[in-house]
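>
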Amino acid sequence: MSPDTMILRALREAGLGGVSGASLAKDLGVSRAAVWNRIEELRRHGYDIEASPHLGYVLRGSPNALHGDDLMARLPRNRVIGRDVRVFSETTSTNDIIEKLARDGVAEGSVVFAETQTRGRGRMGRQWHSPTGSGLWFSVLLRPRLRPSAATQLTVVSAVAVARAIERETGLRPDIKWPNDIMFGQKKVAGILLELGAELDRIRHATLGIGIDVNVDPAELPPEVREVATSLRAELGRVVDRASLATAVLRELDHLYQRLGDGDFHEIGDDWMRRCSTLGRRVVIHIGDRRVTGRAEALDDEGALLVRTEFGTIERIIGGDVTQEKAP
Ligand code: BTN
4 MSPDTMILRA LREAGLGGVS GASLAKDLGV SRAAVWNRIE ELRRHGYDIE
54 ASPHLGYVLR GSPNALHGDD LMARLPRNRV IGRDVRVFSE TTSTNDIIEK
104 LARDGVAEGS VVFAETQTRG RGRMGRQWHS PTGSGLWFSV LLRPRLRPSA
154 ATQLTVVSAV AVARAIERET GLRPDIKWPN DIMFGQKKVA GILLELGAEL
204 DRIRHATLGI GIDVNVDPAE LPPEVREVAT SLRAELGRVV DRASLATAVL
254 RELDHLYQRL GDGDFHEIGD DWMRRCSTLG RRVVIHIGDR RVTGRAEALD
304 DEGALLVRTE FGTIERIIGG DVTQEKAP
């Protein structure tokens with residue numbers, strides 16, 4: 004654990020009670036002067052840390068910018084997802100950075116955030132807009148023991164994690180549109196892009212990219228996106244703390260991913276179904292040049308969507324672009 008992660012974790016755990024320089028110095032194995040230097044550096048990054056003669060150091064406020072050390076300080080010690088968290092001020096796509104880490108043999112659970120992406124990408128080859136400092140744009144390296152055909156389970160797990168974290172942090176309950184769009188009514192607030200490095204029978208690694216329009220002003224987005232996008236700030240009428248939401252998503256993801264590894268997909272799938280706005284609706288799905296229409300009936304054990312077509316047959320859909328009829 005880096006010194007800054009240790010200091011921020013101790014400050015957060017102590018809350019308004021504060022933590023003494025002597026105890027920080029002891030835990031870190033350094034002098035009190037060295038602790039002071041780190042505190043000064045954190046202040047330069049925008050952390051409001053008071054030095055009180057009675058209480059020691061008290062964390063009064065945190066900056067809007069994301070910091071890897073701080074995000075790690077807010078996560079449980081025994082986690083897999085978020086064992087390492089890096090924040091870039093700008094990158095092409097956070098999925099590109101994770102791909103590189105995967106090729107370098109880095110262990111699963113590494114997370115990369117960017118304050119903005121110059122070539123953010125969405126599903127179906129679409130562009131993903133990532134305005135600076137107002138959203139959460141991040142990717143996670145996974146090495147799941149799943150067959151490639153079960154990869155949809157990962158998108159189901161991620162969608163549930165994002166929906167639960169949004170609910171926990173804001174009290175709002177978004178819907179999930181199959182497989183992994185997070186929606187308020189007809190407007191999208193978050194999307195998930197899963198890219199696989201796979202052989203025929205084995206996933207070597209999966210890059211899970213998540214984009215959440217947290218404090219984005221929809222007016223900043225290009226006209227074609229503006230009509231179908233929203234943000235948490237637009238829905239709530241107030242700014243949402245990005246670091247707090249980011250750690251809530253990573254905690255949920257860590258918990259659900261471990262349950263998936265323990266063979267507990269059923270319960271996660273049940274929560275997905277409760278949150279899903281697609282089931283029971285008429286849908287049109289474009290899969291390349293193919294078009295499937297029918298009624299979305301259920302999710303199977305691998306996370307695929309089962310659609311009853313107009314001919315009465317069941318089509319098993321593992322990917323594609325879904326249009327669903329509006330709620331009655
Ligand atoms: C979609 O709904 O089309 C998926 C959008 C995924 C966007 C995220 S932002 C972080 C990561 N990096 C990318 O380039 N894309 C994903």
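Every position in the sequence shown, counted from 1, becomes a number in the working numbering once 3 is added. Yeah, the Cβ is synthetic: ideal placement off N, Cα and C, and Gly gets one too.
Just checking R262 against the ligand BTN - is the residue's beta carbon closer than 6 Å to any of the ligand's heavy atoms?
As a first step, residue 262 is located in the sequence shown; it is residue number 259 there, counting from the start. Incorrect: R262 has no Cβ contact closer than 6 Å to the ligand BTN.
> Could you tell me which of L203, L199, A249 and A201 sits nearest to D216, measuring between CA atoms?
Here residue 216 corresponds to residue number 213 of the sequence shown, with the count starting at 1. Considering only alpha carbons, the answer is A249.
> Only counting the same chain, and skipping five residues up and downstream in sequence, which positions put a Cβ closer than 6 Å to that of G64?
Numbered from 1 along the sequence shown, position 61 holds the residue referred to as residue 64. Correct list, in chain order: D51.
> Per DSSP, which one or two residues make a beta bridge with Q327?
For the purposes of this step, residue 327 is taken as residue 324 along the sequence shown, with counting starting at 1. Bridge partners of Q327: V286.
> Quick check: what's the CA-CA separation for A299 versus T281?
Stepping through the sequence shown from its first residue, residue 299 is reached at position 296. Stepping through the sequence shown from its first residue, residue 281 is reached at position 278. Taking the straight line from one Cα to the other gives about 6 Å.
> Going by DSSP in three states, T97 sits in which element: helix, strand or coil?
On the sequence shown, residue 97 is found 94 positions in, with the first residue counted as 1. Looking at T97 - three-state DSSP - the assignment turns out to be helix.
> Please tell me whether Q156 and G306 are closer than 7 Å, where the distance is taken between their beta carbons.
For the purposes of this step, residue 156 is identified with residue 153 of the sequence shown, where counting begins at 1. For the purposes of this step, residue 306 is identified with residue 303 of the sequence shown, where counting begins at 1. In contact: Q156 and G306 (Cβ atoms closer than 7 Å).
> For V231, which residues of its own chain have a beta-carbon under 8 Å away from its beta-carbon, when the five flanking residues on both sides are left out?
Taking the sequence shown and counting its residues from 1, the one referred to as residue 231 is at position 228. Hits under 8 Å: Q189, K190 and K191.
> Is the beta carbon of W181 within less than 6 Å of some heavy atom of the ligand BTN?
The residue you call residue 181 lines up with position 178 of the sequence shown. For the ligand BTN, not one heavy atom lies less than 6 Å from the Cβ of W181.
> Please state whether DSSP places T210 in a helix, a strand or coil.
Position 207 of the sequence shown, counted from the first residue, corresponds to residue 210. Reduced to three states, the DSSP call for T210 is strand.
> Can we count S96 as close to the ligand BTN, meaning its CB is less than 6 Å from some heavy atom?
What you label residue 96 is simply residue 93 of the sequence shown in a count that begins at 1. Correct: S96 has its Cβ closer than 6 Å to the ligand BTN.
> Distance, Cα to Cα, T94 vs G315?
As a first step, residue 94 must be located in the sequence shown, where it is residue number 91. As a first step, residue 315 must be located in the sequence shown, where it is residue number 312. Approximately 47 Å between the Cα atoms of the pair.
> Using 10 angstroms around the beta-carbon of G20, count the other beta-carbons present and answer buried if the total reaches 16, otherwise exposed.
As a first step, residue 20 is located in the sequence shown; it is residue number 17 there, counting from the start. Exposed, by the Cβ-count rule.
> Going by CA-CA distance only, name the one from L14, H70 and A68 that's closest to S55.
The residue given as residue 55 occupies position 52 in the sequence shown. Answer by Cα proximity: L14.
> Are the Cβ atoms of L259 and G85 separated by less than 7 Å?
Start at 1 with the first residue of the sequence shown, and residue 259 comes out as number 256. Start at 1 with the first residue of the sequence shown, and residue 85 comes out as number 82. Taking 7 Å as the Cβ cut-off, L259 and G85 do not qualify as a contacting pair.
> With a threshold of 8 Å, are at least 3 pairs of Cβ atoms found where one atom belongs to the stretch 285-293 and the other to the stretch 132-144?
No, the stretch 285-293 is not in contact with the stretch 132-144.
> How big is the Cα-Cα spacing for D73 and E318?
Indexing the sequence shown from 1 puts residue 73 at position 70. Indexing the sequence shown from 1 puts residue 318 at position 315. About 46 Å.
> Using the Cα positions of R77 and G128, report the straight-line distance between them to the nearest angstrom.
If you number the sequence shown from 1, residue 77 lands on position 74. If you number the sequence shown from 1, residue 128 lands on position 125. Answer to the nearest angstrom: the Cα atoms are 34 Å apart.
> Less than 7 Å separating the beta-carbons of T158 and P177?
The residue you call residue 158 lines up with position 155 of the sequence shown. The residue you call residue 177 lines up with position 174 of the sequence shown. In this structure, P177 does not lie closer than 7 Å to T158 by Cβ.
> Please classify G297 as buried or exposed, where buried requires at least 16 other C-beta atoms within 10 Å of its C-beta.
Against the sequence shown, residue 297 aligns to sequence position 294. Its Cβ being crowded by 16 or more others within 10 Å, G297 is buried.
> Do T173 and L224 have their C-beta atoms within less than 7 Å of each other?
Counting from one through the sequence shown, the residue named residue 173 turns up at place 170. Counting from one through the sequence shown, the residue named residue 224 turns up at place 221. Contact: no.
> Put M186 into one of helix, strand or coil per three-state DSSP.
On the sequence shown, position 183 is the one that residue 186 refers to. Strand, per DSSP.
> At the level of alpha carbons, what is the spacing between A28 and R47?
As a first step, residue 28 is located in the sequence shown; it is residue number 25 there, counting from the start. As a first step, residue 47 is located in the sequence shown; it is residue number 44 there, counting from the start. Cα-Cα distance, rounded: 20 Å.
> According to DSSP, which residues form a beta bridge with K191?
Within the sequence shown, numbered from 1, the residue matching residue 191 stands at position 188. Answer is M186 and A232.
> Report the rounded CA-to-CA distance for G24 versus A166, giving the unit in angstroms.
To locate residue 24, count along the sequence shown from 1; it is residue 21. To locate residue 166, count along the sequence shown from 1; it is residue 163. Answer to the nearest angstrom: the Cα atoms are 39 Å apart.
> Should G240 be counted as a contact of the ligand BTN given a C-beta to heavy atom distance under 6 Å?
Position 237 of the sequence shown, counted from the start, is the residue given in the question as residue 240. Not under cutoff, so the answer is no.
> Am I right that W275 and A117 are in contact with their C-beta atoms under 8 Å? What's the rounded C-beta distance?
Against the sequence shown, residue 275 aligns to sequence position 272. Against the sequence shown, residue 117 aligns to sequence position 114. At roughly 28 Å, the Cβ-Cβ gap does not stay under 8 Å, so W275 and A117 are not in contact.
> According to DSSP, is D265 part of a helix, a strand, or is it coil?
Counting from one through the sequence shown, the residue named residue 265 turns up at place 262. Coil at D265, not helix or strand.
> Using a Cβ-Cβ cutoff of less than 8 Å, which residues in the same chain neighbour N67 once the five nearest sequence positions on both sides are dropped?
The sequence position of residue 67 within the sequence shown is 64, counting from 1. G49, G136 and R245.
> According to DSSP, is S55 part of a helix, a strand, or is it coil?
Along the sequence shown, read from residue 1 onward, the residue named residue 55 stands at position 52. The answer is strand: DSSP assigns S55 an E or B state.
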